[in-house]
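A.B. asks: This is the structure, below, for whatever I ask next.
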């Protein structure tokens, strides 16, 4: 679960940086695979 929270935090930071609206955590968590989450974390760093 921590992996999802970390990815979501990075996602919301990026949305704020670009002035975009964020999707709710529930939708974020259920629409991405574990591999996509891992890739997102690596790319966002």
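In the numbering used here, the protein residues as written are 2 to 46.
Virtual Cβ for every residue (Gly too), placed ideally from N, Cα, C.
Here the structure is a predicted model, which means the values were calculated and not measured.
Round the Cβ separation of residue 9 and residue 26 to the nearest angstrom and send it over; I've been treating them as touching at under 8 angstroms.
C.D. replies: The count along the chain shown starts at 1 and reaches residue 9 at position 8. The count along the chain shown starts at 1 and reaches residue 26 at position 25. Indeed, because the Cβ distance is near 5 angstroms, the residues count as touching under 8 angstroms.
A.B. asks: Should residue 12 be labelled buried (16 or more other beta-carbon atoms within 10 Å of its own) or exposed?
C.D. replies: Working through the chain shown from its first residue, we reach residue 12 at position 11. Its Cβ being crowded by 16 or more others within 10 Å, residue 12 is buried.
A.B. asks: What do you reckon, is the C-beta of residue 8 under 7 angstroms from a heavy atom of the ligand MG?
C.D. replies: This structure does not include the ligand MG; it has no bound ligands of any sort.
A.B. asks: Terminal residues of the continuous alpha helix (DSSP H) containing residue 3?
C.D. replies: The count along the chain shown starts at 1 and reaches residue 3 at position 2. Run containing residue 3: 3-18, per the alpha helix (DSSP H) assignment.
A.B. asks: Grouping DSSP H, G and I as helix and E and B as strand, with all else coil, what is residue 38?
C.D. replies: Residue 38 sits at position 37 when you count from the first residue of the chain shown. Residue 38 falls in the helix class under three-state DSSP.
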